[in-house]
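Numbering (our numbering), first residue to last: 112 to 362.
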């Protein structure tokens, strides 16, 4: 489904092999462009959510993928049908779950690590600073911010959990309420401007009509934390708090 090219040296690309529940590597430096398995069992009936190394790890319809822009040391995978965000150490091929509760827990909840919830995350990108990622949380009609500071301050231990906050919230009917960005609907993928100009990002949406696709250009600004009682595709527990960013369309 998704793919990402090594942003540091351009030596390889990673591909989310959606229906084989695996992540594959294409060697771009070799003229034959050999393809190898990075993680996942690589068969149509081998879905799961196990952490592990290489083929011992399991995915369930991996979709979007992003590579660490600072050192190309790891990749983040939007594990769509598991409702998880996974991390792959590219040196060891070890897969760990960075955030999300997993299959059967699809919702929208902002907390830390395995207590956070997604609903069919399908894409994402890592900011050029390496300090956070934005994830397209498709069926929640939301963009989620995942803190990655620990990776740039020294590799955290294997039990590291990332904090997740909602930075833009839409809805199927276009009434996202506080923190909403226009009528953000089924965001599919997101990409930061690699030059860092204005901290802009492009968001690809699968809008209200299944036949309409749209690209929004957004400017990432500051973060605030108002209380919201609900919204988005999965909703928020009554009285819950979402951190909502000022992400505005870029004229």
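Idealized CB from N, CA, C, for every residue including glycine.
- Three or more beta-carbon pairs separated by less than 8 Å link the region 201-221 to the region 157-169, which places the two stretches in contact.
- Annotation for residue 234: the continuous beta strand (DSSP E) segment containing it runs 232-237.
- In this structure, 134 is the residue among 280, 134, 311, 227 with its C-alpha nearest to the C-alpha of residue 165.
- Taken in chain order, the complete beta strand (DSSP E) segments of 3 or more residues contained in the region 165-248 are 173-178, 185-190, 195-200, 205-210, 232-237, 243-248.
- Per the DSSP secondary-structure output, residue 140 pairs with nothing in a beta bridge.
- When the alpha-carbon of residue 304 is set against those of 245, 250, 255, the nearest one is in 245.
- For a cut-off of 8 Å, the C-beta gap from residue 314 to residue 247 is around 7 Å, short enough to register as a contact.
- For residue 298, the beta-bridge partners assigned by DSSP are 316.
- Of the other Cβ atoms in all chains shown, 16 or more fall within 10 Å of the Cβ of residue 278; this residue is therefore buried.
- Of the residues assessed, residue 143 falls on the exposed side of the cut-off, its CB having fewer than 16 other CB atoms within 10 angstroms.
- Residue 310 sits in a helix when the DSSP states are folded into three classes.
- If you compare the alpha carbons of 224, 225, 222, 241 with that of residue 186, the shortest gap goes to 241.
- Here residue 260 carries a helix assignment [DSSP, helix/strand/coil].
- Counting along the chain, residue 128 sits inside the beta strand (DSSP E) bounded by residues 123-128.
- Taking 8 Å as the cut-off, the beta carbon of residue 190 is found closer than this to the beta carbon of residue 170.
- A direct Cα-Cα distance of roughly 24 Å separates residue 229 from residue 180.
- The beta carbons of residue 194 and residue 232 sit closer together than 8 Å.
- Within the same chain, 185 come within 6 Å of residue 200 by CB-CB distance, once the 5 residues on both sides are set aside.
- Excluding residues up to 5 positions away in sequence, 210, 211, 220, 221, 275 lie with their Cβ nearer than 7 Å to the Cβ of residue 227 in the same chain.
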